[in-house]
Structures are given as C-alpha cells and as structure tokens.
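Take a look at the structure below.
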Amino acid sequence: MGDAERLYVTRPFMPPIAEFIPYLEDIWQRKWLTNKGPYHEEFENALRDYLDVPYISLFSNGTIALITALQALRVTGEVITTPFSFVASSHALYWNGIKPVFCDIEPETFTLDPEKIEAAITPKTTALLPVHVYGYPSKFDEIKEIADSYGLKVIYDAAHAFGVTKNGTSILNFGDLSILSFHATKVFTTFEGGALVCHDSAMKKRIDFLKNFGFANEVTVVGPGINGKLNEIQSAFGLLQLKYIDHLIRKRRRISYIYRERLSRVRGIRLMEDIKGVRHNYSYFPIIIDEKEYGRSRDKTYEALKEKNIYSRRYFYPLISEFPTYRGLPSANRENLLNAIRVSSGVLCLPIYPTLENSDIEKVVQVLL
Ligand code: T4K
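So, in structure tokens, the structure goes:
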C-alpha cells in the first residue's frame, strides 16, 4: 500500500517550496547558519508578536526547552505533574534529577486536577508541571492559588497549545514559564523546534544564556548551559509557516466540526467540546471509547482503522507512570490515577491536519459508525 493512500494521525503543512527557496538562497549567500542569525532574530520577534507574549526564546525542540525551564527556575526535589502526557514531560524532570510526583487529571479537559494537587505536596515539592493536553487550557486560577499558597513555581507544558487563547489572552501568559513544541507533528512546525515563554527581560536573558552553553559573552560562562539553539533554516521555515497559521487552524476547526457532527450521536464514543471563551487550535481530535456502550474495545477499533489504512494513535497510552522508569514511584500507584487510567485506556486520536479531505474524514467516520 503506497504511503499516499495511508491516513496518518497528522501530517505537517508544507508551504509551496518556491516560497522557501529565497530564504535558502539568502542563507547560502550569508553563510550565517546558527547562533542568533538574522532569521532567528526575525522569527523570534514575529512569534512574540503573533503569540502576544512579552518574551520568547526559540529552542531546538520542546524537550530541551523544558529541561532548560527547570534549570532557569532552579527547580529541585519533587515536581507535581500529570501522567497523561507525552513522556518528555516527565523525562525533562528526570534529566534534572527531579522526582516526578504523579497527580490525577480532571475528567472534562484531562488536565491536572487542582483538587488533587494539595494532597501530593511534600516539603520537597518546589514546582508544578501541568500540561495543556490537546491544547485544552489547564485550570490556571486554581493552580495559581495553590502555587502562591505553597510558594511553588509553575511551568506549563504548552507543547500542544500553539495559538490558544482564553478570553482573548494567550494561555502562554500564565504561570512562571511555558514551553512550546514545533515538532513535525504539531500545529505549527519548524521540522524540530520549540520555545520558552517568560514574563520579564532578566529571565529571558538567563534563558538565552542557558540555551547557549551558559555564555554571557565571549569569555563569561554564567552557568551549566546546554545547546538548545534553533538554526537559520528552521527559523526561516518558521517565518513562512507563520504566514499560513491562521488559515491552517481554521482548516483544522472545520475538520473537527465535521467529525463532531458525524460522531456526536454514536453511543459509547465521547467527544471533547469547545470551551466558551477559548480559541482552540484543534491540534488533536481525541475520542474516548467506552467499550461496553460502544460494543468494541479501543484497541479493536484502532486495529479496524488500521485495516483501512487509517493510522490513528493512542495518545497518551500507556500513561507515563506505567513506563519502567516511573512505575516504581509511590505516586504511580494506579489507585491514585483513576481518571487518567480511564481516559488513557479509552482514547484514540483521529487523523486531523489541514490537507485532510472530506472523503478522508468520511472514510474514518465509516469505520467508527
Ligand atoms: N510535551 C508534550 C506534551 C509533547 O506532546 C511533546 C512532544 C513534548 C513535550 C516534547 O516536544 P519535542 O521535544 O518533541 O519538541 C510525536 C512527537 O515526536 C512528539 O514531538 C510529540 N510530543 C508526540 C505527541 O508525538 P510520535 O513518536 O508519536 O511521532 P511519530 O513519528 O510516530 O509521528 C506520528 C505521525 O505523524 C506519523 O505516523 C506520520 C506523521 N508524521 C510524523 C513525522 C515525524 C509526518 O507526517 N511527518 C513527520 O516528519 O511522537
């Protein structure tokens, strides 16, 4: 079966190649490939304006941005996080020698449940790491109240939340820091890439030192930095993507609405709704299958789709807390994570990307009806 006939969970948007060539010619002629090149600077500024955030630093990927965020805030000890995410969320803690403490998710948006956070706090807790999973905003107000009461930092993993706003404000403006991912599978891509959003110039300066080995100038290294820089080709691609992004999100919204219309009356399939006041980015289209009501298990449905060359994904199954690195932790106890287990064992993410045709959507729907 040819690749063109397969439907994947996602496909990156590739702008016309002719539009990219002038950028390449520029880079070839300038011979400035990385380390704060002109396209890097232009992209960083353009992104800051588009996302409507005060400060942003580009990164080579979201994982390094998250590892750096923890370093920038000097987070240590234990961090409370969700097991219902991509494994990088907890791996970033592990790479900083920090112990993840898993806390359950709330049943509507599948984000960290603020009502369960306090019970997970210990004297070693220094921060919270909630995830805006599928681009759905975490419960900012409740999380802030807890963080303020206990003196905790808040880092939002906003890898899925490019362009999401709540009541007209970018959700990247909440918490101490937020990270983004521009991986090929994301709404907005630079092949690989990411960013770290912060709220003051001193922090931006520190982050920029850290992502460049800690160099403050040619002879001064202010800390144990890393190499987290985004190069000129990726930055140029980002500039080009930015021209299309609103159009791409509109296309995703249209696809989401078609799926919802076609699937909303199927017994045993639960869909996620838009939240009032939120501009969603429709980064994923998760459905939650209740095996008893639907009459077929999630995994059998996944296989049935695959037989028709439809490659859906079980994001996020297994839970992070079930992987060997983490399953021995006391907080990985399944009794502790009942909502996360329920969602993780029923979830299936259907294909959604701007070039998905109506006939493709119908092909998916027909397997599910
Ligand atoms: N936090 C959260 C909450 C995250 O979701 C992620 C990443 C991160 C942090 C870390 O950010 P980064 O360090 O990655 O910037 C993918 C991605 O690799 C990962 O970036 C993403 N989350 C995660 C949810 O999904 P896989 O292993 O499922 O991807 P893969 O290669 O199986 O691709 C899925 C489908 O996408 C393919 O079947 C076809 C399509 N695809 C993929 C690639 C790579 C393309 O059409 N073209 C491509 O180039 O992890």
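Going by this note's numbering, the first residue of the sequence shown is number -8, and it counts up by one from there.
Note that CB positions come from ideal geometry on N, CA and C, so glycine has one too.
All of these numbers come straight from a predicted model, not from anything done at the bench.
message: Could you check if residue 36 belongs to the surroundings of the ligand T4K, using beta carbon to heavy atom distance under 8 Å?
response: Working through the sequence shown from its first residue, we reach residue 36 at position 45. Residue 36 Cβ: outside cutoff for every heavy atom of the ligand T4K.
- prompt: Going along the chain, which unbroken runs of the alpha helix (DSSP H) with 4 or more residues stay wholly within the stretch 178 to 243?
  reply: Considered as a whole, the stretch 178 to 243 harbours 192 to 201 as its complete alpha helix (DSSP H) runs of no fewer than 4 residues, in chain order.
query: Using a threshold of 8 Å, is the CB atom of residue 300 nearer than that to any non-hydrogen atom of the ligand T4K?
result: Taking the sequence shown and counting its residues from 1, one reaches residue 300 at position 309. Flag unset: Cβ of residue 300 not near the ligand T4K.
message: Is the separation between the beta-carbon of residue 324 and that of residue 98 shorter than 9 Å?
response: Working through the sequence shown from its first residue, we reach residue 324 at position 333. Working through the sequence shown from its first residue, we reach residue 98 at position 107. Their beta carbons are not under 9 Å apart, which means residue 324 does not touch residue 98 by this criterion.
message: Between which two residues does the alpha helix (DSSP H) holding residue 289 run?
response: Working through the sequence shown from its first residue, we reach residue 289 at position 298. 289 to 298 is the extent of the alpha helix (DSSP H) around residue 289.
Range of the contiguous beta strand (DSSP E) that encloses residue 72: Translated into positions along the sequence shown, residue 72 becomes position 81. Boundaries of the beta strand (DSSP E) around residue 72: 69 to 72.
message: Using CA atoms only, rank isn't needed, just tell me which of 38, 119 and 159 is closest to residue 140.
response: As a first step, residue 140 must be located in the sequence shown, where it is residue number 149. Per the Cα distances, 119.
Reference residue 174; option with closest CA among 153, 188 and 166: Position 183 of the sequence shown, counted from the first residue, corresponds to residue 174. It is 153.
- prompt: Thinking C-beta only, is residue 145 closer than 9 Å to residue 75?
  reply: Within the sequence shown, residue 75 is the residue found at index 84, counting from 1. Within the sequence shown, residue 145 is the residue found at index 154, counting from 1. No. Outside cutoff.
message: Our contact map puts residue 338 next to residue 279 with C-beta atoms below 8 Å; I'd like the distance itself, whole angstroms only.
response: As a working note, residue 338 is residue 347 in the sequence shown. As a working note, residue 279 is residue 288 in the sequence shown. About 6 Å separates the Cβ atoms of residue 338 and residue 279, confirming a contact at the 8 Å cut-off.
message: Three Cβ pairs or more, each shorter than 8 Å: is that satisfied between the stretch 46 to 60 and the stretch 241 to 255?
response: These segments do not touch.
- prompt: Per DSSP, residue 118 is paired with what?
  reply: Along the sequence shown, read from residue 1 onward, the residue named residue 118 stands at position 127. According to DSSP, residue 118 shares a beta bridge with 70 and 144.
query: Quick one: Cα of residue 358 to Cα of residue 18, how far?
result: Start at 1 with the first residue of the sequence shown, and residue 358 comes out as number 367. Start at 1 with the first residue of the sequence shown, and residue 18 comes out as number 27. Approximately 47 Å between the Cα atoms of the pair.
message: By DSSP's criteria, residue 279 is part of a beta bridge. Which residues make up the other side?
response: If you number the sequence shown from 1, residue 279 lands on position 288. According to DSSP, which records beta bridges pairwise, residue 279 is partnered with 261 and 338.
message: Any heavy atom of the ligand T4K inside 8 Å of the beta-carbon of residue 2?
response: Indexing the sequence shown from 1 puts residue 2 at position 11. Between the ligand T4K and the CB of residue 2, the shortest heavy atom gap is smaller than 8 Å.
query: Below 9 Å between beta carbons: does that hold for residue 71 and residue 92?
result: Residue numbering aside, residue 71 sits at position 80 when the sequence shown is read from its first letter. Residue numbering aside, residue 92 sits at position 101 when the sequence shown is read from its first letter. Their beta carbons are under 9 Å apart, which means residue 71 touches residue 92 by this criterion.
message: Let me check you understand the geometry: is the CB of residue 110 closer than 8 Å to at least one non-hydrogen atom of the ligand T4K?
response: The count along the sequence shown starts at 1 and reaches residue 110 at position 119. False, no ligand heavy atom lies under 8 Å from that Cβ.
field: residue 315, DSSP secondary structure in three states
entry: Numbered from its first residue, the sequence shown carries residue 315 at position 324. Of the three classes helix, strand and coil, the one that applies to residue 315 here is coil, per DSSP.
- prompt: Per DSSP, what kind of secondary structure is residue 24 in: helix, strand or coil?
  reply: Indexing the sequence shown from 1 puts residue 24 at position 33. Residue 24: coil per DSSP, three-state reduction.
query: For residue 297, which of 340, 318 and 308 has the nearest alpha-carbon?
result: Translated into the one-based positions of the sequence shown, residue 297 becomes position 306. Of 340, 318 and 308, the residue nearest in Cα terms is 340.
Member of 131, 83, 117 and -1 whose CA lies at the smallest distance from the CA of residue 102: The sequence position of residue 102 within the sequence shown is 111, counting from 1. In this structure, 131 is the residue among 131, 83, 117 and -1 with its C-alpha nearest to the C-alpha of residue 102.
- prompt: Exposed or buried, residue 299, counting other C-beta atoms within 10 Å across all chains shown (16 or more means buried)?
  reply: The residue you call residue 299 lines up with position 308 of the sequence shown. Residue 299 counts as exposed, since fewer than 16 other beta carbons sit within 10 angstroms of its beta carbon.
- prompt: For residue 221 versus residue 67, is the C-beta spacing smaller than 9 Å?
  reply: As a first step, residue 221 must be located in the sequence shown, where it is residue number 230. As a first step, residue 67 must be located in the sequence shown, where it is residue number 76. Using a Cβ distance threshold of 9 Å, residue 221 and residue 67 do not count as a contacting pair.
message: So for residue 91, helix, strand or coil by DSSP?
response: Reading the sequence shown from its first residue, position 100 is the one you call residue 91. The three-state reading of DSSP puts residue 91 in strand, counting E and B together.
Exposure label - residue 218; buried when at least 16 CB within 10 Å: By 1-based counting over the sequence shown, the position of residue 218 is 227. That one is exposed.
task: Indicate whether residue 225 and residue 176 have their beta-carbon atoms separated by less than 9 Å.
output: Taking the first residue of the sequence shown as 1, we reach residue 225 at position 234. Taking the first residue of the sequence shown as 1, we reach residue 176 at position 185. No; because the gap between Cβ atoms is not below 9 Å, this pair is not in contact.
Inter-residue Cα distance where the pair is residue 36 and residue 47: The residue given as residue 36 occupies position 45 in the sequence shown. The residue given as residue 47 occupies position 56 in the sequence shown. CA-to-CA, the gap between residue 36 and residue 47 works out to about 8 Å.
Residue -8 versus residue -1 - alpha carbon distance: Here residue -8 refers to the residue found at position 1 of the sequence shown. Here residue -1 refers to the residue found at position 8 of the sequence shown. Note that residue -8 scores a pLDDT of 47, beneath 50, so its modelled location is shaky and nothing firm can be said.
query: With respect to the beta strand (DSSP E) encompassing residue 50, which residues constitute its N-terminal and C-terminal limits?
result: By 1-based counting over the sequence shown, the position of residue 50 is 59. 46 to 50 is the extent of the beta strand (DSSP E) around residue 50.
query: Does the stretch 311 to 322 come close enough to the stretch 76 to 91 that 3 or more CB-CB pairs lie under 8 Å?
result: Verdict: yes, contact present.
message: Give me the residue from 90, 38 and 342 with the minimum Cα distance to residue 111.
response: Numbered from its first residue, the sequence shown carries residue 111 at position 120. Residue 111 has its Cα closest to that of 90, out of 90, 38 and 342.
- request: Taking only heavy atoms of the ligand T4K into account, decide whether any of them is closer than 8 Å to the Cβ of residue 304.
  value: The count along the sequence shown starts at 1 and reaches residue 304 at position 313. Within the cutoff, so yes.
message: Can you tell me whether residue 302 is buried or exposed? The criterion is at least 16 other CB atoms within 10 Å of its CB, across all chains shown.
response: Within the sequence shown, numbered from 1, the residue matching residue 302 stands at position 311. The residue is exposed, with fewer than 16 neighbouring Cβ atoms inside 10 Å.
As assigned by DSSP and simplified to three states, the class of residue 54: For this step, residue 54 is matched to residue 63 along the sequence shown. Residue state, collapsed to three classes: helix.
message: I'd like the list of long-range same chain contacts for residue 304, defined as Cβ closer than 8 Å, with 5 residues on each side in sequence excluded.
response: One-based indexing of the sequence shown puts residue 304 at position 313. Short of 8 Å from the beta carbon of residue 304, and not among the five residues preceding or following it, lie these beta carbons of its own chain, in chain order: 0, 339 and 340.
Residue nearest to residue 178 in terms of C-alpha spacing, selected from 258, 125 and 223: For this step, residue 178 is matched to residue 187 along the sequence shown. Relative to the Cα of residue 178, the nearest Cα in the group 258, 125 and 223 belongs to 125.
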